[in-house]
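Residue numbers (our numbering): 4 to 794.
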């Protein structure tokens, strides 16, 4: 349709004056160009469009219909931001003067059309406020990662002058990965004064993820999926799950949206609390901003609209959201089948004999309501339930569920309800669960379970209240927990906390609790914390319980995540019985993290040392590094000592083999890796200096920059038969290569991939010519060969 300007749409509401103008336009017949041809047919027009006095930088395709009626297709009007009443195919012609409420005027001289339309006839311009990471197809090389933690402990009694090695252990977490998936194996090897060398297996599993279907498969040891009102179990078998982590750009929970209308092009700023969460320039007319990034829960968003003159209008909108909600049409599921596992962490192979199955489903029926289903079967029981999560505006988020079971003991039921909300600086959360009759789930019949073991509580209630005092920089909290176990034991714990921050970040706090149940215990802690410079902190406090009183003073510095960082901790305490001292220090090197700890009380001193790191076999080499819990890359820069950056942050320098292990890479995301070529040899052939790494989860990827440190290359001076340099821009080709080389000044052309004997050809002055020359490398020296006659 021959547009000369980019398509931009602006939207604005009309005030009383604009409404009057529209009424006048409707009363006066539209003015048209002489657009009908001699035969009475139609004539196409390409017109610049203005809506409500605002240029939208858009050339629209219109047609003058018989009877001098201006028209455009339904699709074209939608492109202009106009909402056409009714339904019909996109190519359907719509006569503008038959759209109720719309007026227009055609300017033949300027070849433009002025349209007046109320907001009801305009489509809102939509903006997405949520940042979306770039997504590309993920890859995985072949390799092996072994994370390790080596630990040793000893003690010494000063009074008896006796020392002993109490024991040591080696924890291993290994995984082999490829395009076919990841095989993991974890375990602990250890010796103590109480036992000889022992080996404990923890988990063995193979997993594979399908990014297209957002689905993950796992065979081996796993943990069943669960909901807020169910209890997961450890089991060995097969698991199929929806995995939203495979698409980091996918927003699963409904985020708040705001809509409005601007009279003229303006800037819309969205504030959550006193923090600006989003800013967007909008044109005149209606607009909508989706997926505003907010913290979960309920709150108030403040929208400030500022026009070109600086005039501001402000309004507030309430919002509520939760990760327990799914966007409309999204579903999440988890399916498991196998046998329950007992005594995890104590026994290597303790599995139940009877098969079990677990299934769970969540579905976003609406943005404010998500339905939940859960079922279990096996080990002598059948269990099923349904529930839901509902967003109720300022009232907050409500959750509810009911379930029923049948087992050898009989029938039973479960009821669950929850509520969380916020009002200004006040937040509240509450939940309750009741087991009725002989209710049973797999967690209760398999005894040693992931959720803590033991039978299902008959009753469990929790209430938390918090209040913030922004002007006083303080906060207070109150919590109540009630629990009644299947064996009749009862706990009723009430706790309270208070935090106040003064100048220079000095904080004082107090916490207390009392158990009015069977234990009848209580305790309190008061203390302070103050920063020591930018990295260290000092604190002290007094702890009192029903049985003892203790005072402590300590100072610490946290260990950073980058190589070369260090941390430490020292503390001194005194109880009614004795005093104690603890100290620790840690250092994170490029290839390992080292830590030493000591504890002294009375005449007994206990000390321990540990080393934590990883061994990687991938990318054609073996590398040492810090622990790798997710993805990584092996960068091949072709030469030693080349600086490598990850997202413009220093990641290290390549080793003797020209390679570097780079950790901290996000799976399924585009991670930019770049190199500094300043230290590469002069004769190096450098195809590129930046690459994207997109690895699969818990795997590695080889990032090869394709650099040849000693490239067979030289500057060749090429002339014609008369000895005159070939013209600038002449194309030269090297026999045996498809690459084309361009001649520069004085007939010079840079040729690569040279052999001892070379033939070149070129079309100079419309005639084909050929030439030959020899090449012999001279280390890292740049050579100039020629002149070579092309005849």
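The beta-carbon is built from N, C-alpha and C at its ideal position, and this holds for glycine as well.
Verify whether the separation of the beta carbon atoms of residue i and residue j is less than 8 Å.
{"i": "residue 289", "j": "residue 262", "result": "yes"}
{"i": "residue 120", "j": "residue 85", "result": "yes"}
{"i": "residue 181", "j": "residue 143", "result": "yes"}
{"i": "residue 525", "j": "residue 517", "result": "yes"}
{"i": "residue 258", "j": "residue 297", "result": "yes"}
{"i": "residue 321", "j": "residue 397", "result": "yes"}
{"i": "residue 553", "j": "residue 530", "result": "no"}
{"i": "residue 776", "j": "residue 791", "result": "yes"}
{"i": "residue 740", "j": "residue 756", "result": "yes"}
{"i": "residue 706", "j": "residue 750", "result": "no"}
{"i": "residue 240", "j": "residue 342", "result": "yes"}
{"i": "residue 303", "j": "residue 325", "result": "no"}
{"i": "residue 91", "j": "residue 77", "result": "yes"}
{"i": "residue 332", "j": "residue 381", "result": "no"}
{"i": "residue 500", "j": "residue 424", "result": "no"}
{"i": "residue 611", "j": "residue 154", "result": "yes"}
{"i": "residue 486", "j": "residue 462", "result": "yes"}
{"i": "residue 317", "j": "residue 305", "result": "yes"}
{"i": "residue 62", "j": "residue 50", "result": "yes"}
{"i": "residue 724", "j": "residue 788", "result": "no"}
Would you list the residues sitting across from residue i in a DSSP beta bridge?
{"i": "residue 426", "result": "429"}
{"i": "residue 47", "result": "66"}
{"i": "residue 220", "result": "211 and 243"}
{"i": "residue 96", "result": "76"}
{"i": "residue 577", "result": "554 and 582"}
{"i": "residue 386", "result": "379 and 408"}
{"i": "residue 142", "result": "698"}
{"i": "residue 174", "result": "152 and 191"}
Measuring only from the beta carbon, is residue i closer than 7 Å to any heavy atom that is part of the ligand SAM?
{"i": "residue 73", "result": "The ligand SAM is not part of the structure shown, which contains no ligands of any sort."}
Just reading off the alpha helix (DSSP H) that residue i is part of, what are its end residues?
{"i": "residue 79", "result": "77-82"}
{"i": "residue 447", "result": "445-448"}
Spatial neighbours of residue i within its chain, please: CB distance less than 7 Å, with the 5 preceding and 5 following residues excluded, ordered by chain position.
{"i": "residue 732", "result": "745 and 746"}
{"i": "residue 562", "result": "568, 569, 570, 589 and 591"}
{"i": "residue 442", "result": "408, 415, 416, 417 and 459"}
{"i": "residue 139", "result": "673, 695 and 697"}
{"i": "residue 748", "result": "731"}
{"i": "residue 47", "result": "64 and 66"}
{"i": "residue 217", "result": "245, 246, 247, 249 and 250"}
{"i": "residue 502", "result": "477, 478, 510 and 512"}
{"i": "residue 403", "result": "390, 391, 419 and 420"}
Tell me which residues share the same chain as residue i and place their Cβ nearer than 6 Å to its Cβ, disregarding the 5 neighbours each side in the sequence.
{"i": "residue 585", "result": "574 and 602"}
{"i": "residue 712", "result": "641, 642, 684 and 687"}
{"i": "residue 581", "result": "604 and 605"}
{"i": "residue 782", "result": "none"}
{"i": "residue 786", "result": "717"}
{"i": "residue 493", "result": "487, 520 and 521"}
{"i": "residue 150", "result": "176, 617 and 630"}
What distance in whole Å lies between the Cβ atoms of residue j and residue i, which are believed to be in contact at a cut-off of 8 Å?
{"i": "residue 132", "j": "residue 386", "result": "That belief does not hold up - the Cβ atoms of residue 132 and residue 386 are roughly 42 Å apart, past 8 Å."}
{"i": "residue 631", "j": "residue 621", "result": "That belief does not hold up - the Cβ atoms of residue 631 and residue 621 are roughly 11 Å apart, past 8 Å."}
{"i": "residue 126", "j": "residue 118", "result": "So it is not a contact: roughly 13 Å between Cβ atoms."}
{"i": "residue 336", "j": "residue 363", "result": "6 Å"}
{"i": "residue 211", "j": "residue 184", "result": "4 Å"}
{"i": "residue 231", "j": "residue 327", "result": "7 Å"}
Name the two residues that bound the continuous beta strand (DSSP E) containing residue i.
{"i": "residue 310", "result": "300-310"}
{"i": "residue 772", "result": "770-777"}
{"i": "residue 622", "result": "Run containing residue 622: none; DSSP gives neither H nor E here."}
{"i": "residue 723", "result": "No beta strand (DSSP E) holds residue 723; DSSP gives it neither H nor E."}
{"i": "residue 737", "result": "734-737"}
{"i": "residue 600", "result": "596-604"}
{"i": "residue 395", "result": "Element bounds for residue 395: n/a, residue is neither H nor E."}
{"i": "residue 675", "result": "674-678"}
{"i": "residue 523", "result": "Note, residue 523: premise wrong, no beta strand (DSSP E); not H, not E."}
{"i": "residue 488", "result": "Segment: none, residue 488 is in no beta strand (DSSP E) and carries neither H nor E."}
{"i": "residue 760", "result": "760-767"}
{"i": "residue 253", "result": "Note, residue 253: premise wrong, no beta strand (DSSP E); not H, not E."}
{"i": "residue 130", "result": "128-131"}
{"i": "residue 284", "result": "278-285"}
{"i": "residue 462", "result": "462-472"}
Using a Cβ-Cβ cutoff of less than 8 Å, which residues in the same chain neighbour residue i once the five nearest sequence positions on both sides are dropped?
{"i": "residue 348", "result": "203 and 205"}
{"i": "residue 208", "result": "186, 187, 221, 222, 223, 224 and 225"}
{"i": "residue 254", "result": "133, 294 and 330"}
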